[in-house]
Amino acid sequence: MRITMPDGALQRYLGVVLRVGIYVLLVIVCLTLFAWLLAAVGGYLVTSALGVFLAALTANVFSLRIYERAPLGAIGLHWNQASQRNLWLGLLGGAGAAALVLGLPLLFGLAELRPVPNSEANLRTTAFVLLVLAFGAVGEEMLFRGYAFQVLIASIGPYATVLPAGILFGLAHSSNLGITRLGLINTAAWGVLLGVAFLRSRDLWLPIGLHLGWNWMLPLFGVHLSGFTIEVTGFTLQWKIGPLWSGGDYGPEGGLLTSTVVLLLFVFLWKAPIRRQPAHLASIAGEDKMPRSLTTVIVILALASAAPAYAQDRKLTDEERIELIRGLTAEYATAKVSLPRSRNPLSVDPKGAYDQKKWISLERENGPAARPGDLIQITKVTLEDKRIVFEINGGIRGGRRWYERVQVDVGTTTRRVPVAGPGYGVAPGGTSLALEFPHRLPPLKPAEIKNLLAPVLDFNRRSANELYVESLPPEIQQAVKDKKVIEGMDRDQVLLALGRPDNKVRTTEEGVEYEDWIYGKPPGRIIFVTFEGNEVVRVKEAYAGIGGAVAPSMPPPR
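What follows is the structure in C-alpha coordinates.
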(Lines of atoms letter the chains of each structure in order from A; the text may use other names.)
(Lines give C-alpha, C1' and ligand atoms only; values in the text may rest on other atoms or scores of the structure.)
Protein backbone atom coordinates (compact mmCIF):
# COMPACT_ATOMS: atom_id res chain seq x y z
CA MET A 104 0.00 0.00 0.00
CA ARG A 105 1.41 3.36 -1.04
CA ILE A 106 0.69 6.50 0.99
CA THR A 107 0.90 9.84 -0.80
CA MET A 108 0.66 13.31 0.70
CA PRO A 109 0.02 16.68 -0.95
CA ASP A 110 2.82 19.25 -1.04
CA GLY A 111 3.48 20.82 2.36
CA ALA A 112 1.36 18.22 4.17
CA LEU A 113 4.34 16.73 6.00
CA GLN A 114 5.23 20.06 7.58
CA ARG A 115 1.63 20.58 8.66
CA TYR A 116 1.43 17.12 10.24
CA LEU A 117 4.72 17.66 12.06
CA GLY A 118 3.22 20.85 13.45
CA VAL A 119 0.20 18.87 14.63
CA VAL A 120 2.48 16.32 16.30
CA LEU A 121 4.30 19.15 18.10
CA ARG A 122 1.09 20.77 19.35
CA VAL A 123 -0.44 17.51 20.51
CA GLY A 124 2.85 16.44 22.10
CA ILE A 125 3.17 19.66 24.09
CA TYR A 126 -0.46 19.32 25.20
CA VAL A 127 0.11 15.74 26.40
CA LEU A 128 3.28 16.79 28.23
CA LEU A 129 1.40 19.60 29.98
CA VAL A 130 -1.33 17.17 31.01
CA ILE A 131 1.13 14.67 32.49
CA VAL A 132 3.05 17.34 34.43
CA CYS A 133 -0.13 19.01 35.72
CA LEU A 134 -1.77 15.72 36.74
CA THR A 135 1.29 14.82 38.80
CA LEU A 136 1.57 18.28 40.34
CA PHE A 137 -2.09 18.74 41.25
CA ALA A 138 -2.40 15.17 42.57
CA TRP A 139 0.48 15.92 44.95
CA LEU A 140 -0.97 19.26 46.04
CA LEU A 141 -4.53 17.98 46.54
CA ALA A 142 -3.60 14.72 48.30
CA ALA A 143 -3.14 16.56 51.60
CA VAL A 144 -6.55 18.29 51.55
CA GLY A 145 -8.98 15.78 50.04
CA GLY A 146 -9.83 12.12 49.70
CA TYR A 147 -9.19 9.93 46.69
CA LEU A 148 -12.33 11.01 44.79
CA VAL A 149 -11.75 14.72 45.45
CA THR A 150 -8.10 14.45 44.43
CA SER A 151 -8.96 12.57 41.24
CA ALA A 152 -11.82 14.85 40.14
CA LEU A 153 -10.24 18.22 40.95
CA GLY A 154 -6.80 17.06 39.79
CA VAL A 155 -8.14 16.12 36.34
CA PHE A 156 -10.14 19.37 36.10
CA LEU A 157 -7.20 21.62 36.99
CA ALA A 158 -4.78 19.69 34.77
CA ALA A 159 -7.16 19.83 31.78
CA LEU A 160 -7.89 23.53 32.35
CA THR A 161 -4.18 24.41 32.54
CA ALA A 162 -3.18 22.32 29.51
CA ASN A 163 -5.97 23.73 27.33
CA VAL A 164 -5.40 27.37 28.35
CA PHE A 165 -1.64 27.20 27.74
CA SER A 166 -1.98 25.34 24.42
CA LEU A 167 -4.59 27.77 23.13
CA ARG A 168 -2.53 30.80 24.16
CA ILE A 169 0.75 29.47 22.77
CA TYR A 170 -0.42 28.14 19.40
CA GLU A 171 -3.78 29.69 18.55
CA ARG A 172 -3.87 33.01 20.44
CA ALA A 173 -7.45 32.02 21.32
CA PRO A 174 -9.48 32.01 24.56
CA LEU A 175 -10.65 28.87 26.36
CA GLY A 176 -14.05 29.12 24.70
CA ALA A 177 -12.42 28.10 21.38
CA ILE A 178 -12.52 24.44 22.39
CA GLY A 179 -16.32 24.61 22.45
CA LEU A 180 -17.10 26.26 25.77
CA HIS A 181 -18.78 29.42 24.45
CA TRP A 182 -22.04 29.99 26.35
CA ASN A 183 -25.13 30.85 24.27
CA GLN A 184 -28.65 29.56 23.62
CA ALA A 185 -27.38 26.68 21.51
CA SER A 186 -24.95 25.70 24.28
CA GLN A 187 -27.76 25.70 26.84
CA ARG A 188 -29.93 23.53 24.63
CA ASN A 189 -27.12 21.04 23.98
CA LEU A 190 -26.25 20.87 27.69
CA TRP A 191 -29.86 20.11 28.67
CA LEU A 192 -30.16 17.47 25.94
CA GLY A 193 -26.95 15.86 27.21
CA LEU A 194 -28.17 15.87 30.81
CA LEU A 195 -31.46 14.34 29.70
CA GLY A 196 -29.70 11.63 27.69
CA GLY A 197 -27.13 10.73 30.36
CA ALA A 198 -29.56 10.73 33.28
CA GLY A 199 -32.20 8.90 31.23
CA ALA A 200 -29.71 6.19 30.25
CA ALA A 201 -28.71 5.69 33.91
CA ALA A 202 -32.38 5.60 34.92
CA LEU A 203 -32.99 2.81 32.39
CA VAL A 204 -30.00 0.78 33.62
CA LEU A 205 -31.10 1.07 37.26
CA GLY A 206 -34.85 1.59 37.02
CA LEU A 207 -35.73 -1.44 34.91
CA PRO A 208 -34.06 -3.95 37.31
CA LEU A 209 -35.94 -2.28 40.19
CA LEU A 210 -39.20 -2.46 38.26
CA PHE A 211 -38.82 -6.17 37.48
CA GLY A 212 -37.54 -7.17 40.92
CA LEU A 213 -33.95 -7.81 39.81
CA ALA A 214 -32.67 -5.29 42.36
CA GLU A 215 -33.93 -3.46 45.43
CA LEU A 216 -33.08 -0.31 47.37
CA ARG A 217 -32.00 -0.87 50.97
CA PRO A 218 -31.13 1.68 53.66
CA VAL A 219 -27.46 1.89 54.65
CA PRO A 220 -26.97 1.28 58.41
CA ASN A 221 -25.55 4.23 60.35
CA SER A 222 -25.67 6.41 57.26
CA GLU A 223 -24.79 10.08 57.73
CA ALA A 224 -26.20 11.23 54.38
CA ASN A 225 -27.56 14.79 54.28
CA LEU A 226 -28.28 17.54 51.79
CA ARG A 227 -24.91 19.22 52.33
CA THR A 228 -23.00 15.99 51.65
CA THR A 229 -25.10 15.29 48.56
CA ALA A 230 -24.50 18.78 47.16
CA PHE A 231 -20.76 18.53 47.81
CA VAL A 232 -20.46 15.14 46.09
CA LEU A 233 -22.47 16.29 43.06
CA LEU A 234 -20.24 19.36 42.78
CA VAL A 235 -17.10 17.22 42.89
CA LEU A 236 -18.56 14.94 40.20
CA ALA A 237 -19.35 17.99 38.07
CA PHE A 238 -15.71 19.11 38.21
CA GLY A 239 -14.65 15.57 37.31
CA ALA A 240 -16.97 15.33 34.29
CA VAL A 241 -16.04 18.77 32.93
CA GLY A 242 -12.35 18.02 33.52
CA GLU A 243 -12.44 14.69 31.65
CA GLU A 244 -14.27 16.24 28.70
CA MET A 245 -11.76 19.09 28.44
CA LEU A 246 -8.92 16.57 28.79
CA PHE A 247 -10.09 13.97 26.24
CA ARG A 248 -12.24 16.10 23.92
CA GLY A 249 -10.38 19.40 24.24
CA TYR A 250 -7.50 21.01 22.38
CA ALA A 251 -5.53 17.94 21.19
CA PHE A 252 -8.69 16.01 20.24
CA GLN A 253 -10.02 18.88 18.12
CA VAL A 254 -6.68 19.60 16.47
CA LEU A 255 -6.48 15.94 15.43
CA ILE A 256 -10.04 15.98 14.08
CA ALA A 257 -9.18 18.99 11.92
CA SER A 258 -5.90 17.42 10.76
CA ILE A 259 -6.52 13.70 10.27
CA GLY A 260 -10.31 13.54 10.29
CA PRO A 261 -12.96 12.35 12.75
CA TYR A 262 -12.71 8.65 11.84
CA ALA A 263 -9.01 8.47 12.75
CA THR A 264 -9.49 10.50 15.95
CA VAL A 265 -12.70 9.40 17.68
CA LEU A 266 -12.01 5.65 17.82
CA PRO A 267 -8.42 5.84 19.19
CA ALA A 268 -9.46 8.61 21.62
CA GLY A 269 -12.31 6.42 22.86
CA ILE A 270 -9.94 3.52 23.43
CA LEU A 271 -7.56 5.83 25.29
CA PHE A 272 -10.48 7.04 27.43
CA GLY A 273 -11.24 3.43 28.38
CA LEU A 274 -7.61 2.56 29.14
CA ALA A 275 -7.38 5.64 31.39
CA HIS A 276 -9.91 3.90 33.68
CA SER A 277 -8.10 0.54 33.65
CA SER A 278 -6.63 1.04 37.15
CA ASN A 279 -9.98 1.85 38.78
CA LEU A 280 -11.28 -0.44 41.50
CA GLY A 281 -13.24 -3.45 40.29
CA ILE A 282 -12.44 -2.95 36.59
CA THR A 283 -13.29 -5.89 34.31
CA ARG A 284 -12.77 -6.51 30.61
CA LEU A 285 -16.42 -5.75 29.92
CA GLY A 286 -16.14 -2.62 32.05
CA LEU A 287 -13.13 -1.54 30.00
CA ILE A 288 -15.00 -2.15 26.74
CA ASN A 289 -18.06 -0.24 27.95
CA THR A 290 -15.94 2.68 29.14
CA ALA A 291 -14.16 2.82 25.76
CA ALA A 292 -17.60 2.74 24.07
CA TRP A 293 -18.59 5.70 26.24
CA GLY A 294 -15.43 7.47 25.05
CA VAL A 295 -16.44 6.92 21.42
CA LEU A 296 -20.00 8.05 22.21
CA LEU A 297 -18.78 11.28 23.79
CA GLY A 298 -16.52 11.89 20.78
CA VAL A 299 -19.49 11.45 18.45
CA ALA A 300 -21.47 13.85 20.65
CA PHE A 301 -18.81 16.50 20.03
CA LEU A 302 -19.02 15.89 16.27
CA ARG A 303 -22.80 16.36 16.38
CA SER A 304 -22.70 19.63 18.33
CA ARG A 305 -19.14 20.91 17.73
CA ASP A 306 -19.13 22.11 21.34
CA LEU A 307 -18.24 20.45 24.64
CA TRP A 308 -21.60 21.13 26.29
CA LEU A 309 -23.35 18.11 24.77
CA PRO A 310 -20.68 15.56 25.88
CA ILE A 311 -20.42 17.33 29.26
CA GLY A 312 -24.18 16.95 29.70
CA LEU A 313 -24.12 13.24 28.80
CA HIS A 314 -21.17 12.60 31.10
CA LEU A 315 -22.58 14.62 33.97
CA GLY A 316 -26.13 13.24 33.75
CA TRP A 317 -24.80 9.70 34.00
CA ASN A 318 -22.33 10.51 36.81
CA TRP A 319 -24.97 12.31 38.87
CA MET A 320 -27.64 9.65 38.57
CA LEU A 321 -25.63 6.59 39.67
CA PRO A 322 -24.68 7.80 43.19
CA LEU A 323 -28.30 8.79 43.86
CA PHE A 324 -29.19 5.09 43.54
CA GLY A 325 -26.26 4.07 45.78
CA VAL A 326 -24.30 2.11 43.16
CA HIS A 327 -20.60 2.19 42.26
CA LEU A 328 -19.41 4.80 39.77
CA SER A 329 -16.40 3.60 37.77
CA GLY A 330 -15.17 1.73 40.86
CA PHE A 331 -15.87 4.58 43.32
CA THR A 332 -18.28 3.88 46.20
CA ILE A 333 -20.19 7.06 46.98
CA GLU A 334 -22.91 7.22 49.62
CA VAL A 335 -25.09 10.33 49.31
CA THR A 336 -28.75 9.34 49.89
CA GLY A 337 -28.54 6.77 52.69
CA PHE A 338 -29.70 4.00 50.32
CA THR A 339 -27.83 1.42 48.28
CA LEU A 340 -28.96 -0.72 45.36
CA GLN A 341 -28.70 -4.45 46.09
CA TRP A 342 -28.59 -6.53 42.91
CA LYS A 343 -30.21 -9.96 42.60
CA ILE A 344 -28.45 -10.69 39.31
CA GLY A 345 -24.82 -11.55 38.65
CA PRO A 346 -21.94 -9.13 37.95
CA LEU A 347 -22.19 -9.82 34.20
CA TRP A 348 -25.35 -7.69 34.23
CA SER A 349 -24.84 -5.51 37.31
CA GLY A 350 -21.17 -4.71 36.68
CA GLY A 351 -19.97 -5.91 40.11
CA ASP A 352 -17.64 -3.64 42.08
CA TYR A 353 -16.92 -1.44 39.05
CA GLY A 354 -20.57 -0.42 38.91
CA PRO A 355 -23.22 -0.59 36.16
CA GLU A 356 -20.63 0.54 33.61
CA GLY A 357 -19.15 -2.96 33.87
CA GLY A 358 -22.39 -4.79 32.93
CA LEU A 359 -24.29 -5.79 29.81
CA LEU A 360 -27.14 -3.43 30.70
CA THR A 361 -24.83 -0.49 30.05
CA SER A 362 -23.63 -2.08 26.79
CA THR A 363 -27.23 -2.02 25.56
CA VAL A 364 -27.92 1.52 26.76
CA VAL A 365 -24.80 2.90 25.04
CA LEU A 366 -26.20 1.67 21.73
CA LEU A 367 -29.48 3.46 22.49
CA LEU A 368 -27.53 6.65 23.23
CA PHE A 369 -26.00 6.54 19.73
CA VAL A 370 -29.55 6.49 18.37
CA PHE A 371 -30.42 9.37 20.72
CA LEU A 372 -27.55 11.46 19.31
CA TRP A 373 -28.74 10.74 15.78
CA LYS A 374 -32.36 11.73 16.46
CA ALA A 375 -32.08 14.48 19.10
CA PRO A 376 -32.61 18.13 18.00
CA ILE A 377 -29.00 19.11 18.64
CA ARG A 378 -27.82 22.55 17.54
CA ARG A 379 -24.48 22.45 15.75
CA GLN A 380 -22.17 25.36 16.51
CA PRO A 381 -19.20 26.87 14.62
CA ALA A 382 -16.05 24.77 14.97
CA HIS A 383 -13.76 27.57 16.17
CA LEU A 384 -10.65 25.51 16.80
CA ALA A 385 -11.12 23.34 13.71
CA SER A 386 -11.24 26.38 11.48
CA ILE A 387 -8.02 27.66 13.09
CA ALA A 388 -6.27 24.30 12.71
CA GLY A 389 -7.16 23.99 9.03
CA GLU A 390 -9.34 21.72 6.94
CA ASP A 391 -6.75 19.40 5.33
CA LYS A 392 -7.36 15.75 6.00
CA MET A 393 -4.94 12.85 6.03
CA PRO A 394 -5.24 10.38 3.14
CA ARG A 395 -7.83 7.66 3.76
CA SER A 396 -5.22 4.88 3.53
CA LEU A 397 -3.11 6.40 6.33
CA THR A 398 -6.23 7.10 8.39
CA THR A 399 -7.17 3.41 8.15
CA VAL A 400 -3.68 2.37 9.29
CA ILE A 401 -3.91 4.64 12.38
CA VAL A 402 -7.29 3.20 13.42
CA ILE A 403 -6.17 -0.40 12.93
CA LEU A 404 -2.99 0.15 14.95
CA ALA A 405 -4.95 1.80 17.76
CA LEU A 406 -7.45 -1.05 17.92
CA ALA A 407 -4.75 -3.72 17.73
CA SER A 408 -2.73 -2.13 20.54
CA ALA A 409 -5.62 -1.88 23.00
CA ALA A 410 -5.86 -5.55 23.96
CA PRO A 411 -2.18 -6.17 24.82
CA ALA A 412 -2.00 -2.81 26.59
CA TYR A 413 -4.77 -3.93 28.92
CA ALA A 414 -3.57 -7.50 29.33
CA GLN A 415 0.05 -6.65 30.08
CA ASP A 416 0.21 -3.10 31.43
CA ARG A 417 -2.92 -2.78 33.56
CA LYS A 418 -2.00 -2.26 37.18
CA LEU A 419 -3.60 -4.31 39.90
CA THR A 420 -6.40 -2.43 41.61
CA ASP A 421 -6.24 -1.81 45.35
CA GLU A 422 -8.97 -4.39 45.85
CA GLU A 423 -7.06 -7.05 43.88
CA ARG A 424 -3.85 -6.34 45.80
CA ILE A 425 -5.64 -6.62 49.14
CA GLU A 426 -7.31 -9.87 48.09
CA LEU A 427 -3.98 -11.39 47.03
CA ILE A 428 -2.18 -10.41 50.23
CA ARG A 429 -4.96 -11.64 52.50
CA GLY A 430 -5.52 -14.80 50.50
CA LEU A 431 -1.86 -15.87 50.64
CA THR A 432 -0.52 -14.55 53.96
CA ALA A 433 -0.38 -17.16 56.78
CA GLU A 434 -1.12 -20.02 54.35
CA TYR A 435 0.52 -23.40 54.93
CA ALA A 436 2.08 -25.58 52.24
CA THR A 437 4.32 -28.62 51.88
CA ALA A 438 7.68 -28.22 50.16
CA LYS A 439 7.85 -30.41 47.06
CA VAL A 440 11.52 -29.59 46.40
CA SER A 441 14.38 -28.57 48.64
CA LEU A 442 14.29 -24.83 49.40
CA PRO A 443 17.68 -23.34 50.30
CA ARG A 444 18.16 -20.48 52.75
CA SER A 445 18.79 -17.34 50.72
CA ARG A 446 19.05 -13.62 51.40
CA ASN A 447 17.74 -12.83 47.91
CA PRO A 448 14.37 -14.31 46.88
CA LEU A 449 14.50 -17.63 45.04
CA SER A 450 13.12 -17.00 41.54
CA VAL A 451 10.28 -19.08 40.05
CA ASP A 452 8.58 -18.27 36.74
CA PRO A 453 4.82 -18.65 36.07
CA LYS A 454 5.45 -22.10 34.53
CA GLY A 455 7.05 -23.34 37.75
CA ALA A 456 10.60 -23.39 36.32
CA TYR A 457 13.56 -22.45 38.52
CA ASP A 458 17.37 -22.58 38.45
CA GLN A 459 17.97 -25.99 40.04
CA LYS A 460 21.78 -25.72 39.97
CA LYS A 461 21.69 -22.34 41.70
CA TRP A 462 19.34 -23.65 44.40
CA ILE A 463 21.61 -26.64 45.06
CA SER A 464 24.61 -24.32 45.33
CA LEU A 465 22.78 -22.05 47.79
CA GLU A 466 21.76 -25.03 49.91
CA ARG A 467 25.37 -26.21 50.15
CA GLU A 468 26.44 -22.70 51.14
CA ASN A 469 23.61 -21.68 53.53
CA GLY A 470 21.82 -24.89 54.39
CA PRO A 471 18.20 -25.91 53.73
CA ALA A 472 15.18 -23.82 54.69
CA ALA A 473 12.81 -26.70 53.90
CA ARG A 474 13.29 -30.23 52.63
CA PRO A 475 10.79 -32.11 50.44
CA GLY A 476 7.81 -32.99 52.65
CA ASP A 477 8.45 -30.24 55.25
CA LEU A 478 5.55 -28.05 56.29
CA ILE A 479 6.18 -24.33 55.67
CA GLN A 480 4.16 -21.17 56.23
CA ILE A 481 4.02 -17.98 54.16
CA THR A 482 4.58 -15.28 56.77
CA LYS A 483 4.59 -12.20 54.50
CA VAL A 484 3.52 -11.34 50.95
CA THR A 485 4.95 -8.34 49.05
CA LEU A 486 3.57 -7.26 45.66
CA GLU A 487 6.11 -5.56 43.41
CA ASP A 488 5.82 -4.30 39.84
CA LYS A 489 6.60 -7.61 38.10
CA ARG A 490 6.78 -10.15 40.91
CA ILE A 491 5.25 -11.43 44.14
CA VAL A 492 7.72 -12.07 46.97
CA PHE A 493 6.79 -14.66 49.59
CA GLU A 494 8.57 -14.68 52.95
CA ILE A 495 8.70 -18.29 54.11
CA ASN A 496 9.02 -19.23 57.79
CA GLY A 497 9.95 -15.68 58.76
CA GLY A 498 12.57 -15.21 56.05
CA ILE A 499 16.32 -15.74 56.30
CA ARG A 500 16.26 -14.80 59.99
CA GLY A 501 13.32 -17.07 60.73
CA GLY A 502 12.98 -20.81 61.07
CA ARG A 503 12.74 -23.09 64.06
CA ARG A 504 13.44 -21.87 67.59
CA TRP A 505 15.26 -24.00 70.14
CA TYR A 506 12.06 -24.73 72.09
CA GLU A 507 10.31 -25.97 68.94
CA ARG A 508 12.85 -28.80 68.73
CA VAL A 509 12.04 -30.06 72.24
CA GLN A 510 9.86 -33.21 72.20
CA VAL A 511 8.21 -35.25 74.96
CA ASP A 512 6.98 -38.83 75.17
CA VAL A 513 3.20 -39.27 75.05
CA GLY A 514 1.79 -41.69 77.66
CA THR A 515 3.20 -45.20 77.66
CA THR A 516 3.86 -45.17 73.91
CA THR A 517 7.10 -44.34 72.20
CA ARG A 518 5.49 -41.58 70.11
CA ARG A 519 6.94 -38.11 70.65
CA VAL A 520 5.36 -34.73 69.90
CA PRO A 521 6.90 -31.21 69.86
CA VAL A 522 6.26 -29.08 72.94
CA ALA A 523 5.55 -25.92 70.94
CA GLY A 524 3.18 -27.53 68.43
CA PRO A 525 3.71 -27.82 64.69
CA GLY A 526 3.49 -24.17 63.44
CA TYR A 527 5.84 -23.33 60.64
CA GLY A 528 8.77 -24.53 62.76
CA VAL A 529 8.45 -27.98 61.20
CA ALA A 530 10.85 -26.79 58.50
CA PRO A 531 14.47 -26.22 59.63
CA GLY A 532 14.81 -22.60 58.47
CA GLY A 533 13.43 -19.63 56.58
CA THR A 534 13.90 -18.13 53.14
CA SER A 535 11.99 -16.13 50.52
CA LEU A 536 10.51 -17.01 47.15
CA ALA A 537 9.67 -14.71 44.19
CA LEU A 538 7.12 -15.53 41.51
CA GLU A 539 8.47 -13.56 38.52
CA PHE A 540 6.26 -12.31 35.64
CA PRO A 541 7.51 -10.95 32.29
CA HIS A 542 5.23 -7.90 32.50
CA ARG A 543 3.10 -6.29 35.21
CA LEU A 544 1.43 -8.50 37.74
CA PRO A 545 -1.69 -9.94 36.06
CA PRO A 546 -5.08 -9.82 37.86
CA LEU A 547 -4.88 -13.32 39.34
CA LYS A 548 -6.72 -14.80 42.30
CA PRO A 549 -4.94 -16.41 45.30
CA ALA A 550 -5.98 -19.89 44.13
CA GLU A 551 -4.41 -19.22 40.72
CA ILE A 552 -1.17 -18.08 42.36
CA LYS A 553 -1.10 -21.32 44.36
CA ASN A 554 -1.48 -23.31 41.15
CA LEU A 555 1.47 -21.45 39.61
CA LEU A 556 3.59 -22.39 42.64
CA ALA A 557 2.41 -26.03 42.54
CA PRO A 558 5.72 -27.39 41.13
CA VAL A 559 7.48 -26.02 44.24
CA LEU A 560 4.84 -25.90 47.00
CA ASP A 561 1.79 -28.07 47.66
CA PHE A 562 -1.00 -26.05 49.26
CA ASN A 563 -3.45 -28.97 49.35
CA ARG A 564 -1.96 -30.86 52.29
CA ARG A 565 -4.02 -30.61 55.46
CA SER A 566 -2.05 -28.84 58.18
CA ALA A 567 -2.47 -28.58 61.92
CA ASN A 568 -3.78 -25.10 61.24
CA GLU A 569 -6.61 -26.52 59.09
CA LEU A 570 -7.43 -29.15 61.68
CA TYR A 571 -7.77 -26.39 64.28
CA VAL A 572 -10.09 -24.41 62.00
CA GLU A 573 -12.33 -27.46 61.61
CA SER A 574 -12.84 -27.52 65.39
CA LEU A 575 -14.30 -24.00 65.38
CA PRO A 576 -18.05 -23.13 65.22
CA PRO A 577 -19.43 -23.23 61.65
CA GLU A 578 -19.88 -19.46 61.33
CA ILE A 579 -16.25 -18.81 62.35
CA GLN A 580 -15.02 -21.57 60.03
CA GLN A 581 -16.80 -19.89 57.14
CA ALA A 582 -15.43 -16.47 58.11
CA VAL A 583 -11.85 -17.80 58.20
CA LYS A 584 -12.40 -19.52 54.86
CA ASP A 585 -13.74 -16.29 53.31
CA LYS A 586 -10.88 -14.24 54.81
CA LYS A 587 -13.35 -12.15 56.78
CA VAL A 588 -13.73 -11.14 60.43
CA ILE A 589 -16.98 -11.32 62.38
CA GLU A 590 -17.88 -10.28 65.91
CA GLY A 591 -17.09 -12.91 68.55
CA MET A 592 -13.81 -14.08 67.02
CA ASP A 593 -10.65 -14.01 69.14
CA ARG A 594 -7.20 -12.74 68.17
CA ASP A 595 -5.90 -16.09 66.95
CA GLN A 596 -8.92 -16.54 64.72
CA VAL A 597 -8.49 -13.04 63.28
CA LEU A 598 -4.85 -13.85 62.51
CA LEU A 599 -5.98 -17.00 60.73
CA ALA A 600 -8.45 -15.00 58.65
CA LEU A 601 -6.49 -11.86 57.77
CA GLY A 602 -2.94 -12.38 59.01
CA ARG A 603 -0.96 -9.68 60.77
CA PRO A 604 -2.50 -6.17 60.86
CA ASP A 605 -0.80 -3.19 59.24
CA ASN A 606 -1.26 -1.14 62.40
CA LYS A 607 -2.60 -1.34 65.97
CA VAL A 608 -4.18 1.44 68.01
CA ARG A 609 -5.27 1.38 71.67
CA THR A 610 -8.06 3.64 72.93
CA THR A 611 -10.09 4.03 76.11
CA GLU A 612 -13.79 4.89 76.06
CA GLU A 613 -15.72 5.39 79.32
CA GLY A 614 -13.11 3.42 81.23
CA VAL A 615 -13.13 0.47 78.80
CA GLU A 616 -9.91 -0.27 76.91
CA TYR A 617 -10.18 -1.19 73.24
CA GLU A 618 -7.59 -2.21 70.66
CA ASP A 619 -8.07 -1.61 66.94
CA TRP A 620 -6.31 -3.79 64.37
CA ILE A 621 -6.12 -1.92 61.07
CA TYR A 622 -5.77 -3.75 57.74
CA GLY A 623 -4.98 -1.80 54.57
CA LYS A 624 -3.55 1.63 53.78
CA PRO A 625 -5.03 4.63 51.95
CA PRO A 626 -5.99 5.09 49.26
CA GLY A 627 -8.02 1.90 49.21
CA ARG A 628 -10.14 -0.34 51.40
CA ILE A 629 -9.39 -0.41 55.11
CA ILE A 630 -10.78 -2.82 57.74
CA PHE A 631 -10.95 -1.82 61.40
CA VAL A 632 -11.22 -4.76 63.84
CA THR A 633 -11.96 -3.64 67.42
CA PHE A 634 -11.13 -5.91 70.37
CA GLU A 635 -12.38 -5.68 73.91
CA GLY A 636 -10.03 -7.99 75.71
CA ASN A 637 -9.53 -10.99 73.44
CA GLU A 638 -12.89 -10.76 71.65
CA VAL A 639 -13.88 -8.86 68.51
CA VAL A 640 -16.70 -6.46 69.37
CA ARG A 641 -16.86 -4.39 66.17
CA VAL A 642 -15.80 -4.71 62.51
CA LYS A 643 -15.90 -1.76 60.14
CA GLU A 644 -14.84 -1.74 56.51
CA ALA A 645 -14.42 1.59 54.71
CA TYR A 646 -12.78 3.16 51.70
CA ALA A 647 -10.11 5.78 52.33
CA GLY A 648 -11.79 8.39 50.17
CA ILE A 649 -14.18 11.20 51.07
CA GLY A 650 -16.09 11.01 54.33
CA GLY A 651 -19.02 8.62 54.41
CA ALA A 652 -17.88 6.52 51.45
CA VAL A 653 -18.30 2.95 52.68
CA ALA A 654 -16.98 0.11 50.57
CA PRO A 655 -18.84 -3.19 50.08
CA SER A 656 -17.66 -6.41 51.71
CA MET A 657 -14.63 -8.03 50.21
CA PRO A 658 -15.52 -10.89 47.83
CA PRO A 659 -14.47 -14.36 49.01
CA PRO A 660 -11.39 -15.85 47.30
CA ARG A 661 -12.23 -17.96 44.25
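If you're matching positions, the sequence shown starts at 104 in the numbering used here and goes up one per residue. For every residue, glycine included, the Cβ atom is placed at its ideal position computed from N, Cα and C.
Query	Result
Between the CA atoms of L266 and F252 - distance to the nearest angstrom	11 Å
With 16 other Cβ atoms within 10 Å as the buried cut-off, status of D421	buried
Pick from L486, I377, L203, W182 that is closest to L360, judged by C-alpha positions	L203
Per DSSP, the bridge partner or partners of Q49	This structure leaves residue 49 out entirely; the chain is present only between 104 and 661.
Span of the alpha helix (DSSP H) around K460	459-469
At least three beta-carbon pairs within less than 8 Å, the segment 463-477 to the segment 587-594	no
Contacts around F562, its chain only, beta-carbon distance under 7 Å, and the 5 residues preceding and following it disregarded	E434, A436, K553
Given 8 Å, three or more beta-carbon pairs between the segment 174-182 and the segment 302-310	yes
Three-state secondary structure (DSSP) of L556	coil
Every unbroken beta strand (DSSP E) within the segment 298-362, with a cutoff of 3 residues, ordered by chain	338-342
Sequence-distant residues of the same chain with beta carbon closer than 7 Å to R446, five excluded per side	I499
8 Å contact criterion, which G533 and G470 should meet: CB distance rounded	The pair is not a contact, with the Cβ atoms about 11 Å apart (cut-off 8 Å).
Validate contact between the segment 343-362 and the segment 289-304 using beta carbons, cut 8 Å, 3 pairs	yes
Residue from C133, D595, T229 whose Cα sits closest to the Cα of L575	D595
Meets three-Cβ-pair contact criterion under 8 Å: the segment 484-495 and the segment 535-549	yes
Own chain residues within Cβ distance below 8 Å of V653, not counting five before or after	The predicted model places V653 with a pLDDT of 43, which falls under 50 and marks its position as unreliable; any figure quoted below should be read in that light. Around V653: V219, T332, E334, E644, A645, Y646.
Residues bridged to F493 [DSSP beta-bridge criterion]	V484, L536
K584: first and last residue of the uninterrupted alpha helix (DSSP H) it sits in	577-584
DSSP beta-bridge partners of W620	K607, V632
Other residues of its chain near L560: CB distance less than 6 Å, five sequence neighbours each side excluded	A436
The segment 131-141 touching the segment 151-160, judged by at least three CB pairs closer than 8 Å	yes
DSSP three-state assignment for A472, whether helix, strand or coil	strand
Test item: CB-CB of L368 and L296 under 7 Å	yes
Residue burial classification, S226 (beta-carbon count within 10 angstroms, cutoff 16)	According to the sequence displayed, residue 226 carries Leu and not Ser. Result: exposed.
Assigned exposure category for I425 - 16 Cβ within 10 Å defines buried	buried
Rounded distance between the beta-carbons of A240 and V364, thought under 8 Å	About 17 Å; that fails the 8 Å criterion.
Residue from L121, R248, L384 whose Cα sits closest to the Cα of W293	R248
C-alpha gap between Q187 and F301, whole angstroms	15 Å
Distance, A600 Cα to Q581 Cα	10 Å
Limits of the beta strand (DSSP E) - the one that R217 falls within	214-218
For D561, the three-state DSSP class (helix, strand or coil)	strand
Cβ distance (whole Å) where L236 is taken to contact A152 below 8 Å	7 Å
Cβ-Cβ distance between L233 and W342 below 7 Å	no
R429 versus E243, Y457, Y126, D605, residue with shortest Cα-Cα distance	D605
Which listed residue (S349, P443, N637, E612) has its alpha carbon closest to that of W620	N637
Nearest-angstrom beta carbon gap, S166 and Y250 [assumed within contact, 8 Å]	5 Å
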